[in-house]
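Asker: Heads up, the sequence shown is in our numbering, so the first residue is 18 and it goes up one at a time.
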Amino acid sequence: MIGKMNNPEDDWIQSLDEAEYINSHANEVLFYVQSNIKTKKKRIKVLRKALYDESKNVKAE
18 MIGKMNNPED
28 DWIQSLDEAE
38 YINSHANEVL
48 FYVQSNIKTK
58 KKRIKVLRKA
68 LYDESKNVKA
78 E
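#1: Once DSSP output is grouped into helix, strand and coil, what is the label at I54?
#2: Quick one: residues in its chain with C-beta nearer than 6 Å to the C-beta of A67, no 5 flanking neighbours on either side, listed in chain order?
#3: Looking only at its chain, what residues have a beta carbon closer than 7 Å to the beta carbon of F48, apart from the 5 residues adjacent to it on each side?
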C-alpha cells in the first residue's frame, strides 16, 4: 500500500517561507554591517557568520 504522499506545493511554500525569513534577517544584518563596520574584510567576515548562523537556524526548525 502506498503511504500518504507529500504535496509538492506545500514543500514549495515552506521553502518560500524559509527564504523570506532568511532574506528579512539578512537585510537587517546587512544594514547593521553597512552602518557600523568600516573595513571590507570585517564586513565580509560578519556577513558570512550571519549567513551561516541563519542557515543553521532554519535547518533546526
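For glycine and all other residues, C-beta sits at the position ideal for the given N, C-alpha and C.
Values in this document were obtained by computation on a predicted structure and should not be read as measured data.
Answerer: With the structure as the only source:
#1: coil
#2: V46
#3: None.
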